[in-house]
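Right, one structure below, let's go through it.
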Amino acid sequence: MNSNIIWLVFTPLIGSAIAAILYRVKFLDRLVTFSTFAITLLLLFSVHVGQSYTFNLNFMGKIIPLSWNVTHLSIFMLYISVAFGTLLTFYSLMDKSRMKGFLLLLILAANNWIFTTNDMVGFFFAWELMGWASIVSVLGGRDENSSRHAALYYAMMSIAGSYSMFFGVFTLWKLTGSLSISTNVAYLSSIVGMHPWWVLGIVSLFFVTFMIKAGIFPFHTWVPMAYAYAPDTFTPFLSGVMSKYGIYGMLLFLPISLMEKGMPAAFGLPWVNYIFMWIGVTTAVVGTVLAFFQDDVKKLFAYSSFSNLGYIVAAISLFSSVGVTAGIYHAFNHLLFKGALFITLAAVISRTGTSKMSEMGGLWRKMPVTFFTFFIGIASAAGIPPFNGFGSKWLIYQAMIKQHLPFATVMLFLASTGAFMYLFKAFHSVFLGQRSARYDNVKEVPVVGQIVEYLLMFAMIFFGVQPGYILKPIGAIVSSMGLKPLPTMANGYVTGMFSNVYVPLISWSLAISFTVGFILFFISAKHKYVSQSDNYTAGQIPEEWNLTPETYQFSWKFYEPIEGIFAPFFRIKIDGFFRGLANWTAATSSAIKEIFVSNAQIYAFFAVAGLIIFVIAGWVA
Amino acid sequence: MSEWKDLTNFFRGRSFWMLHYCTGCGAMELPPTMTSRWDMERFGVIPMATPRQADILLVTGYLSLKSLKRLIYTYEQMHAPKWVLGFGSCTINGGVYWDSYNVIERLDKYLPVDLYIAGCMPRPEAILDSFKKLRELVEKGEAKGYEKYVKNYEWYKANQDRVLKRTKPVLQKPEEVTRSA
Amino acid sequence: MLESVEKKVEELKRMNLEAKALGDWQFEVLVPRERTAEILAYMKATGYKTFIHLACVDWIDDQEFELVYNLENYDEKAQALVKVRIPRNKPEMESMMSIWGLCQVYEREIHEFFGINFIGNPNLKPFFLDEWLDIPPLRKDFDTLAFSQELFEFKEDESHGIKAPKRIEYK
Amino acid sequence: MIFLKLLEGIGVGLLSLTVGLLFMGLARKITARIQRRYGPPVLQNFIDVFKLFSKQSISHGFAFDLGLVAGVSALLAAVVFLPMGQINLFPHNSSLIMIIYLMTMAYLGMAMGVSSSGNPNATIGVARALTMMMGYELPFAAVIFSVYIFAKTGSLTNIVAAQGGGFLNWNMVRLPFGFLAAEIALQGMLGEKPFDMAIAPAEIASGPMVELGGKYLGFGMLQHAVGIYLETGIMVDLFLGGASNIWIFVTKQFELFFIALLINAVLPRFKIEDGVKFMWKVPLLLGVIQALIVVL
Amino acid sequence: MELRPLNESNTNDKYKTYELFIGPNHPGISGNFSYVLDMEGHKIANVTADPGLLHRGFEKLMERRLWTQNLALIPRICVPEPDVNEVAYCMGVEHLAGIEVPKRAQYIRVIVLEMARIAAYLFSFSGVGGATGLYTAPNWAIGDRDYILDLFEWLTGGRVYHIYQYPGGVKMDIPDGWLDKLSELLDYLESRLPEYDNLIFKNPILQKRTKGVGYLSAEDAIENGITGPNLRASGVKWDIRKAQPYLVYDELDFDIPETGDGDAFSRFVQRRLEMEESIKILRQCIKQIPDGPYREKIPNPFQFRVPAGTYYSKVESSKGEFGYFIVSNGDIKPYRVYVRGPSYSAGLYYALEAMKNMRIEDVPVWIHSMDICPPDFDR
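This is the structure in structure tokens:
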């Protein structure tokens, strides 16, 4: 009966096979993808916390136990990821972009496997499946060359991550002889007092992988490219769901708290956590600053995602009850609003055919539903109550101040204010301002898309006003990690350490004040609507100066004045480091190759030696 | 309902926002009127940057043809109720530029003027007095230039187009024109 | 009269040009059209670096336009009016933009007001006037009063409330 | 009960509008006196607002309407959570960060409204306002978090309560650097010189307000009025120990506003990046020093 | 991935730039004139000047009026400082007609010119304030300027347009007690100067705003025909009052202040320092003014013929060289008058170069630092 867990993996695999067969038939392909997602979502209802299943795989005479275990965290992640995927595939039913359904289903299989597996072999295998499927998915973007380049870069980073994780898995297996994640984590926790450096080293191997996947500074360099050049309907999944795998992985290993185990502490935190927290804060700030100056709207939101993951990392690194709650809560909120934003962007890009912000503008009259979804999305992302981003940001500040970390908090606040700036830039450049004549025939997305947008709007408001529905399962996760959950009050309350916020009250207050405002608006003198060309031009006649909407729209170099402030910042070239590393590796490899090629005897010697080492390693293992 | 109108007129008369548009040399007497010596803010009159925000349009002196075009555009961008103040003798009959080829002679033909201020240029006292006078007119509901403009729009438009959208030389001497070209 | 002015006048006379002093610190020199660029460049090289203005006089009786290049020398405290005469029926002149970039604007203005075509000036679009269809206004044969009366003539129009302005008595 | 609260809330909104408009009138009067002028009547701003709402206007579409209404409404929604003397409608719901984020909605609304008019002057103004916002929110955040750590609470009600018992218990005295930093940040928040680049008339023709007329400009003025009330009110609660009744509260607010006015009258405006740099140098440094003192 | 995102090439240039109109209906421009800016982000990529909004055809109108009638017309050319027109025109006419002006009239002319100069400088102080948002400065400066206008009114009967000069002298003599009032006013203005210094010129934010803005080197200034305080602020010591003294300036002792940095701030400071010199000149005039006739008799104005000839007469105004190029053919009316306004080259030509790559907030500062007066070139 517990085998229904593995059906979570097999159903998408079967769906994927069907979709691959029907690949040429465009609509059926999408329909199969959507139905598989929906079926998986239905299957999820039969899965409960505490279920586990073990399957012994006989691999060349060796028994490899593959085990599944459903925890509070995994069921939470499963629900939000599959539900979002269902919405997304429903949206892409009508979409013309070149997203490949069977690859998305492969990712879904990997997704379900990662979130439920309890053995490292399965974890690693699923991780690889997810990685490669997503790399191939990135390939189908609008701009062939750029997306090929992006996918290549992403693949390189992924491979580096895989090596790191493989090494970690191998080491742990050597140490404990067990492949079970929970066993190994428990083992590490037990020896951390004696060998903190060993533990740190091993955990770092895993964390590098997770940080690469989540795109945490300094491993963020693939994020903007992959997000920007991936197919428009795949980016929401990439940003909303796939970045959370890294967070999930980190949450698996975080219980190895190094506190009270002889490690030195900084500001009441183990210094490893302290450094990790600062990595998160740096990520948030760097992402924000880089997002200011983008002209490609998808790239801007890619940096925004990167910045938001910094928030999550900073919060969970505190490993306090508020911190972890806030982190997971923000992961959920980020999935929701960033998914909504990327879906609206996909809608806009499919209608306008460009992702350059300077070439858009004034689309709000043409695409009102998309406009409002986007509006609520950026309000959420900016953390404005009563939308859903507020609670988690507020909790993150609470968690940080609880630890007496004012500077990190101020930096996060900078990232938040900055977020408001770049979000507004995108909002203005895409939807507000003057509409170019070439967009006069742009239409709203089809009904299917509108339904998805309405659902997302509803979700963003609902989970903002009623945070309890999401905070309760998070409370269960937090207590399963051995932390004290936040006190749960009525559904509308967000309870922090310093004060409480009752969000429905804010909503009522807003509702009443908006009513009053609109009453005032309608009882005062009449207004009439004018066209966008009837505008203040300092008295000059627009026609005399050949003024067109394009030449009366300001969106290029929106935040130029503060560029000077951040100019030193831009001189640091992170990808330069990686490029240098690649060059160095290439040079070294060619030197080694030189050895092999120049002398056959030496080549033979190395070959034999390698073989011997491999055989010995097999015996020892 | 008439009480309500009286009330709005009372408030409108006490809060004239003036468009910051120096159309001519008469604008030279506006800075003293605005600033500490005469301080027109006492009467609720302040300069505003754009036509959307303004209530009164001060045509400070002569209007060249190019200016007239921009002035009309600006006037039409203003929100009703709006008032035009002809400022100085140039707006009344052309003033010293009565024989100039580029200066219009009577503002009344192109825009509805609610009040003229005589003089070249009118002193700040006269400007302040005009604001008071305009306030009285507004309170009595007599300053209705903006309604007149809407009602007689074709006539005004015809006058404007006659000077602004010329299609043939004004002085009918085509042979001279061809020679000079 | 300044010494420098005297010397310059003598020097220009030696170059076969008509030159004479007009006041203590200014003199005029009449230059044929072909030599204008040469003389102006020479003047600039000899210290008359500042270009003050370019004016045009319409000598309708002589059927000629006179262009006056006004130059100033800060070191010698002298001012030169370089005059060039061009025929009125073929109003053409070389542009002096290459010597003083500033000339571009003056030439554009004179093109508009006198109808003189400056060869080599790319920017002779309308400048001060809007949609001007008559003969250029600063020519002597343009009658501004007739133009004004024809275009802006004043008619009493009772039906639209246009009557003689009402005077407001100041108390 | 709910009905009573509703009435109270509307009362508080009206109060904030009235006091804000009165402050604006006083500001014009005081500035006029510094400029050696007589100045307008103190109630001039009420006249102006009434006139604006009675004037016809143009709109650039629904986003324009919604944005301008949101500008006032969101601030009015935020002002009811502010403890002001004995008037404290929701004592358990006065989280400072929540109020600040709620104010952000007003800025978002205003920015959306004016940008949808499609005038680049307005958009430049908005870009500048947002840039300046990043400038002053950083020192202000440092101060807020210092106060949080110092008072061990994030609720304005409790912060006010912690300052009870005389002048020496006020955070102004206990956290002097923080107060200075917040005072400079307040200058930026109120949009007074030298931080009024957003509306700079000589450069961008009054910036965001460029297309506003009639009731839209009226909404803009009301937003400014509530903004003054809310921002000075937060400062009074944070540093001047709140107040025992509303009259003292308004007096304290006016004191803060008065200082801002005096600075406003004698300084020209910064360039935008100079303004941000100044905010990140002087007040942020003060805020950081305060935070260090509090933490260590 | 590029960390220098602004280097991203945008394929379509028309989306990169947008137009911004500075004027005519804009608080940042002085007078009815317009610059149209092609903006790229917050920077200016290209500038177009759009004059003609003030064009009244002065030069044509002057050809239709008698030599003396023109005196009523020409003050309208430069509104902030109308007296330079009258004096320059009269000096030209007097030179052509060979009229010797009495000493007292020359002193009165110097007094009028210097008072007008102070008034114009005070007006430019208000421009500094308006451009940078220091609104106390206009209120103070224009309030003080009004005291000068009051004296003008007493002397000539007009506040702004005086129509006081006449070929051969001035229209009427100085009233009794006027000079005492003038010296009182000078004391007052001198006592106000430190306050202006504190408010405007020592203001650190104003210095930050204006220092380094619109740098103009001496060579560029000469090449582009920039004159007056702007030229002197670039380090060229050229003042017509010193170099080619007219009226009685050679009998007066005054200095040419030196700033010489060539940026907007030094142009502002140049005016401030020159105002002090003007006060000095006025004090000397009050002391030295001789008795005697205030006007040389000229024939009946309706028969007043100026001998044929050409002359360029010029006056150092508050903005630079104000010149009248007068051509007479011996008639009762001028044959041709060309007016050389000092802002012409800066406003219509140099502006287009200077404002390139400038930020939008520097534009009003630049306009007011060059003291661009549109009627100068838009006659």
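Protein chains in written order, with our numbering: chain A, 31 to 651; chain B, 6 to 186; chain C, 163 to 333; chain D, 211 to 506; chain E, 122 to 500. All C-beta atoms in this analysis are idealised placements derived from N, C-alpha and C, irrespective of residue type, glycine included. All of these numbers come straight from a predicted model, not from anything done at the bench.
Closest residue to residue i among the options (Cα-Cα distance)
| i | options | result |
| --- | --- | --- |
| A:L71 | A:L108, A:N175, A:S177 | A:L108 |
| D:F387 | D:G271, D:I257, D:L231, D:V498 | D:V498 |
| B:L73 | E:N153, E:D374, E:E442 | E:N153 |
| D:W490 | D:P411, D:F263, D:W457, D:I394 | D:I394 |
| B:L116 | B:D104, B:K170, B:Q165 | B:Q165 |
| A:P598 | A:T581, A:V316, A:A332 | A:V316 |
| A:A163 | A:F267, A:S212, A:G392, A:R60 | A:F267 |
| D:I503 | D:M445, D:R479, D:G451, D:I359 | D:I359 |
| C:T306 | E:E184, E:A339, E:L352, E:G248 | E:E184 |
| E:V460 | C:I281, C:L202, C:H215 | C:H215 |
| D:E483 | A:A617, A:F596, A:W614 | A:F596 |
| B:V50 | B:E81, B:W160, B:L112, B:F136 | B:F136 |
| D:L338 | A:W614, A:K587, A:A617, A:G610 | According to the sequence shown, residue 338 of chain D is Arg rather than Leu. Nearest option by C-alpha distance: A:K587. |
| A:L393 | A:F450, A:A377, A:W37 | A:A377 |
| A:A234 | A:F197, A:G223, A:T265 | A quick correction: the sequence has Ser, not Ala, at residue 234 of chain A. The candidate whose alpha carbon is nearest that of A:S234 is A:F197. |
Bridge partners - residue i, DSSP secondary structure assignment
| i | result |
| --- | --- |
| E:Y104 | The first residue shown for chain E is 122 and the last is 500, placing residue 104 of chain E beyond what the model contains. |
| C:A217 | C:V230 |
| A:H557 | D:S267 |
| E:D159 | E:E140, E:N167 |
| A:N88 | A:I93 |
| E:E344 | For E:E344, which the question treats as bridged, DSSP gives no partner whatsoever. |
| B:W5 | Nothing can be reported for residue 5 of chain B: it is not among the residues displayed for chain B, which extend from 6 to 186. |
>> Could you check whether the stretch 134 to 154 of chain A touches the stretch 97 to 113 of chain A, counting it as contact only if at least three pairs of C-beta atoms, one from each stretch, sit closer than 8 Å?
In response: yes
> Below 8 Å, can you find three or more Cβ-Cβ pairs linking the stretch 527 to 542 of chain A to the stretch 387 to 406 of chain A?
Replying inline: no
>> Check whether the stretch 264 to 275 of chain D and the stretch 322 to 337 of chain D touch, using three or more Cβ-Cβ pairs below 8 Å as the test.
In response: yes
>> By the 9 Å beta-carbon criterion, what residues does the stretch 284 to 302 of chain C contribute toward chain E?
In response: P288, F289, F290, L291, D292, P299, L300, K302
> For the stretch 58 to 82 of chain B, which residues have a CB atom closer than 9 Å to at least one CB atom of chain C, in sequence order?
Replying inline: S69, L70, K71, K74
> Given a limit of 7 Å on CB to CB distance, which residues of the stretch 546 to 580 of chain A reach chain E?
Replying inline: T567, A568, G569, Q570, W575, L577, E580
> At a Cβ cut of 9 Å, what residues of the stretch 396 to 416 of chain D count as close to chain E, listed as they run along the chain?
Replying inline: K403, P404, D406, M407, A410, P411, A412, E413, I414, A415, S416
>> For the stretch 243 to 256 of chain C against the stretch 221 to 234 of chain C, do three or more pairs of beta-carbon atoms, one drawn from each stretch, fall closer than 8 Å, so that the two count as touching?
In response: yes
> Mind listing which residues of the stretch 464 to 494 of chain D have their C-beta closer than 7 Å to chain E's C-betas, in chain order?
Replying inline: A475, V476, L477, P478, R479, F480, K481, D484
> Got a sec: which bits of the stretch 418 to 444 of chain D sit with their beta carbon under 9 Å from any beta carbon on chain B, in order along the chain?
Replying inline: M419, V420, E421, L422, G423, G424, Y426, L427
> Which whole runs of the beta strand (DSSP E) in the stretch 83 to 122 of chain B are 3 residues long or more, in chain order?
Replying inline: 88 to 92, 120 to 122
> At which residue ranges does the stretch 247 to 303 of chain C contain complete beta strand (DSSP E) runs of 3 or more residues, listed in the order of the chain?
Replying inline: 254 to 256, 279 to 281
> Is there contact between the stretch 274 to 290 of chain D and the stretch 349 to 368 of chain D, where contact requires at least three CB pairs shorter than 8 Å?
Replying inline: no
> Counting only runs that start and end within the stretch 363 to 429 of chain E, where is the alpha helix (DSSP H) found for 4 or more residues in a row?
Replying inline: 385 to 409
>> Short of 9 Å Cβ to Cβ, which residues in the stretch 479 to 499 of chain E face chain C?
In response: F498, D499
>> If contact is defined by three or more beta carbon pairs under 8 Å, each pair taking one atom from either stretch, is the stretch 212 to 227 of chain D in contact with the stretch 18 to 32 of chain B?
In response: no
> Would the stretch 435 to 455 of chain E and the stretch 255 to 266 of chain C be scored as touching if the rule is three or more Cβ pairs under 8 Å?
Replying inline: no
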